[in-house]
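> Sharing a structure here in structure tokens format.
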Amino acid sequence: MIGKGDVVIAGVSGGADSVCLLFVLCALREKIGFQIKACHVNHGIRGADADADEAYVRKLCQELGVPCRFFHEDVELIARKRKQSPEEAGRMVRREAFEAMCREDGGTRIATAHHKDDNAETILWNMARGTGLKGLRGIQPAAGKWIRPLLALTREQTEGYLKAKGISWCEDMTNSEDNYTRNRIRHNILPSLEEQVNPGTARHLDELSRQAQEVWDYLEQGVDRAWEKCVDVRETAEDCVLEISRPHFEEEMPAVQKQLLHRCLAYVRGQERDIGAVHIAALAELFGRQAGRTLDLPGDIKAERTYAGVTVRQYSADAGGGKTGERGGDFEIPLQIPGRVELPDRAGNFGAGWSIACRIIENTGVSEAEAIPQKSYTKWFDYDIIKCSLSARTRQSGDYLIIDEKGSRQKLKAFFINQKIPREARPRMLLIADGQHIMWIPGHRMSRAYYVTSRTKKILEIKIMEEKENGRDDQGTDPRGKS
Numbered sequence: 246m247i248g249k250g251d252v253v254i255a256g257v258s259g260g261a262d263s264v265c266l267l268f269v270l271c272a273l274r275e276k277i278g279f280q281i282k283a284c285h286v287n288h289g290i291r292g293a294d295a296d297a298d299e300a301y302v303r304k305l306c307q308e309l310g311v312p313c314r315f316f317h318e319d320v321e322l323i324a325r326k327r328k329q330s331p332e333e334a335g336r337m338v339r340r341e342a343f344e345a346m347c348r349e350d351g352g353t354r355i356a357t358a359h360h361k362d363d364n365a366e367t368i369l370w371n372m373a374r375g376t377g378l379k380g381l382r383g384i385q386p387a388a389g390k391w392i393r394p395l396l397a398l399t400r401e402q403t404e405g406y407l408k409a410k411g412i413s414w415c416e417d418m419t420n421s422e423d424n425y426t427r428n429r430i431r432h433n434i435l436p437s438l439e440e441q442v443n444p445g446t447a448r449h450l451d452e453l454s455r456q457a458q459e460v461w462d463y464l465e466q467g468v469d470r471a472w473e474k475c476v477d478v479r480e481t482a483e484d485c486v487l488e489i490s491r492p493h494f495e496e497e498m499p500a501v502q503k504q505l506l507h508r509c510l511a512y513v514r515g516q517e518r519d520i521g522a523v524h525i526a527a528l529a530e531l532f533g534r535q536a537g538r539t540l541d542l543p544g545d546i547k548a549e550r551t552y553a554g555v556t557v558r559q560y561s562a563d564a565g566g567g568k569t570g571e572r573g574g575d576f577e578i579p580l581q582i583p584g585r586v587e588l589p590d591r592a593g594n595f596g597a598g599w600s601i602a603c604r605i606i607e608n609t610g611v612s613e614a615e616a617i618p619q620k621s622y623t624k625w626f627d628y629d630i631i632k633c634s635l636s637a638r639t640r641q642s643g644d645y646l647i648i649d650e651k652g653s654r655q656k657l658k659a660f661f662i663n664q665k666i667p668r669e670a671r672p673r674m675l676l677i678a679d680g681q682h683i684m685w686i687p688g689h690r691m692s693r694a695y696y697v698t699s700r701t702k703k704i705l706e707i708k709i710m711e712e713k714e715n716g717r718d719d720q721g722t723d724p725r726g727k728s
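Be aware that the sequence shown starts at 246, since it is given in our numbering, and climbs by one per residue.
The following block contains the structure:
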């Protein structure tokens, strides 16, 4: 998990598990030779109690000689704007804070205090929601830069460690409530299983997750071999097509077949999201149909039965679908915040000679609408709720925007149709994106979710400028003369 020279970003809430993690890491840092930096996220939910937790973590880190950064987020507001539960929004906010600190403070690992009981709860949750073998793996001890050094311990063991050393910790009273799904599993379901079925339930679930991981690794090796044997990839600047050989495909075991088809869909789409068992089953059935039969799948994917097997491709841009990746006129450029990036010559109505400048403005009380820029190519956004790294790009499958105060989503394709934007113009239109959420379609509209309000703490100003105008941004007209 950790090697010499690593910089470990440790999530420290002040609770028993995270305090135990911090002390364990501190006990090992000189022996192994790594640095520790702590990250604390104040969710803005528990008022004075949350402030007391923050003060405790600050004092503890000072005593241990551990640098610490503190993030303050309004999770309830973020949850409403993102249309998430407070539980989900809190989890995402913590993850984003850890990622940001890791990126900005030279981190090489992110350590969280998940333990064996957390893993059991996660497996039960995954099973209840409907999971496959992958979900039975539960929480992974190490995945990329994310590590969970306490995963082999129980909650009782982490608290016992602190009690034995006379170390105090903070109690989050919301953990005793049943408002959140995980709390209901923790307080009701898992205890019932241990009291009425088997006292070793949590331990057995943890063992199941390790076995599932071993089976998953073995399955992935089989899928790797099947990919080499069954799948022919034809990728050009305009298209990506996978040809799956029927004779070779039918030689594989059903488990390998299903996972191979899942990988094929994810490869063409560029992501795994929204690929369900029903889609895999429908694609598998296509191998038994007549040549020429087709199947439409999520993400603008079309599969077709051929004489040799099945081809999988994404709709071409001129058919109204989105494209992922760098094909044809597609591009994606990370925005520098603060800073400036130049646009490529294929950036739709803009192109060479245009750039995007970003800066952060502290909101000292924006209460009047006229205080917010009304220019077509200078906009203000609520920086506090931005979820991912921002980019300037062309459209991708799954893009959407929020169109009203209720948080109603509209697919980007539907927006283009409703606004009567010519089909041939859509593939190269410039978009400012927060992941799949389109923040701004320059010259058209912003997503309602990012509007600046009196509760906004930081404002992100994004300005599209033409370099030949000495850095001045457009004052209200389209750069090609359109309104």
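For every residue, glycine included, the Cβ atom is placed at its ideal position computed from N, Cα and C.
Look up P579 in the DSSP assignment and say whether it is helix, strand or coil.
strand
> Does the stretch 624-643 come close enough to the stretch 681-690 to have 3 or more Cβ pairs within less than 8 Å?
yes
> If you draw a straight line from the C-alpha of C271 to the C-alpha of A356, how long is it?
13 Å
> Write down the C-beta distance between V338 and V286 rounded to the nearest angstrom, noting that I regard them as a contact closer than 8 Å.
About 6 Å separates the two Cβ atoms, so the contact holds.
> Nearest to R429 by CA position, among T399, I606, L369, is which residue?
L369
> Is DSSP giving L675 helix, strand or coil here?
coil
> From the DSSP output, which residues share a beta bridge with D627?
Within the DSSP bridge table, the entry for D627 names I704 as partners.
> Report the three-state DSSP secondary structure of H359 (helix, strand or coil).
coil
> For I601, is the classification buried or exposed, using 16 other Cβ atoms within 10 angstroms of its Cβ as the cut-off for buried?
buried
> Residues in the same chain with beta-carbon distance under 7 Å from I281, minus the five sequence neighbours each way, listed in chain order, please.
Taken in chain order, the residues that qualify are V253, A255, L270, C271, R274, V311.
> Does the distance from the CB of A246 to the CB of I392 come in under 9 Å?
Checking the sequence, you will find Met at residue 246 rather than Ala. Cβ atoms of M246 and I392: closer than 9 Å.
> Determine the contact status of Y628 and I605, defining contact as a CB-CB distance below 9 Å.
If you check the CB distance, Y628 and I605 come in under 9 Å.
> Under three-state DSSP, which class holds H317?
strand
> Measuring CA to CA, which of K658, R690, R671, D644 is closest to Y622?
R690
> For a test of the three-state rule: what should DSSP assign to G406, helix, strand or coil?
Correcting the residue identity first, residue 406 is Tyr in this sequence and not Gly. The answer is helix: DSSP assigns Y406 an H, G or I state.
> Does the beta-carbon of H360 have 16 or more other beta-carbons within 10 angstroms, so that it is buried, or is it exposed?
buried
> Cα-Cα, which of L705, E341, D545 is closest to D580?
The question names Asp, yet the displayed sequence has Leu at residue 580. Checked all of L705, E341, D545; the closest Cα to L580 is L705.
> Drop a sphere of 10 angstroms on the beta-carbon of G584, count the other beta-carbons inside from all chains shown, and report buried for 16 or more, exposed for fewer.
exposed
> Take every Cβ of the stretch 458-467, pair it with every Cβ of the stretch 484-501, and state whether three or more of those distances are shorter than 8 Å.
At 8 Å Cβ cutoff, the stretches touch.
> K547: which of R514, D519, V523, R518 sits nearest, CA to CA?
R514
> Whole angstroms is fine: what's the gap from L221's alpha carbon to I489's?
The structure shown does not extend to residue 221, since the chain is modelled only from 246 through 728, so no value can be given for it.
> My understanding is that C265 touches T403, with C-beta atoms under 8 Å, so please give their C-beta distance in whole angstroms.
C265 to T403, Cβ: 4 Å. Contact.
> Is it buried or exposed, N433, if we count other Cβ atoms within 10 angstroms and call 16 or more buried?
exposed
> Return the residue from the list L657, Q655, E495, L378 that minimises the CA-CA distance to A471.
Distance from the Cα of A471 is smallest, within the candidate group L657, Q655, E495, L378, for E495.
> Can you tell me the Cα-Cα spacing of L395 and G537, whole angstroms?
54 Å
> In the DSSP output, which residue or residues are listed as bridge partners for D649?
DSSP lists no partner for D649.
> Around the Cβ of A678, are there at least 16 other Cβ atoms within 10 angstroms (buried) or fewer (exposed)?
buried
> V320 and I290 - do their beta-carbons sit closer together than 9 Å?
yes
> Can you list, in chain order, the stretches of the beta strand (DSSP E) that have 3 or more residues and sit fully within the stretch 258-335?
280-287, 313-317
> In the DSSP assignment, find the beta strand (DSSP E) that holds G256 and state where it starts and stops.
252-256
> Leaving aside the five residues before and after Q456 along the sequence, list all residues of the same chain whose C-beta is less than 6 Å from its C-beta, in chain order.
Same-chain partners within the cutoff: there are none.
> Can you tell me which of the three DSSP states K249 falls into?
coil
> How far does the beta strand (DSSP E) with I683 in it extend, from its first residue to its last?
682-686
> If the criterion is Cβ atoms closer than 9 Å, does the pair G533 and C415 meet it?
no
> Let me know if K410 comes out buried or exposed under the rule of 16 or more other beta-carbons within 10 Å of its beta-carbon.
exposed
> When you compare only the Cα positions, how much space is there between E587 and M710?
9 Å
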